């Protein structure tokens, strides 16, 4: 075994989790069909308050408030561990589209087109 082999992460059974991940994403695709690009990723950390996350939910926030917070993260006005870097990855137009989607009630976000 070479040092390169020892550095390579392996799961215990030597199989990839990629097929499982792809299947999970495909199964959930219809629920996010109307989401602005990038918006579904926000709900991974900022999901419904019922999940009991330590990170604040975005449910019930107005689109203008979400845009303002993203601008504050982007400019450095609001300090963050990760959101400042995430915010810089979106244009103003993308940020607005994401904010408008997130501002919809959760039931409307998951409605089938």
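Residue numbers (the numbering used here): 1 to 113. We put the CB at the ideal spot given by N, CA and C, even for glycine. Quantities reported herein were computed from a predicted structural model and do not represent experimental measurements.
Counting only runs that start and end within the region 56-97, where is the alpha helix (DSSP H) found for 4 or more residues in a row? Taking only runs of at least 4 residues, the alpha helix (DSSP H) segments lying wholly in the region 56-97 are 63-75, 83-87.
By how many angstroms is the C-alpha of residue 42 removed from the C-alpha of residue 71? So the alpha carbons of these two residues sit roughly 16 Å apart.
Excluding sequence positions up to five away, which residues of its chain have a Cβ less than 8 Å from the Cβ of residue 96? Once the five neighbours on either side are set aside, the close Cβ partners of residue 96 are 63, 67.
Do residue 55 and residue 46 have their CB atoms nearer than 7 Å? Going by beta carbons, residue 55 and residue 46 fall inside the 7 Å limit.
In this structure, how does DSSP classify residue 108 when only helix, strand and coil are distinguished? Residue 108 falls in the helix class under three-state DSSP.
Could you tell me the alpha carbon to alpha carbon distance between residue 114 and residue 57, rounded to whole angstroms? In the structure as shown, the chain begins at 1 and stops at 113. Residue 114 is therefore absent and cannot be evaluated.
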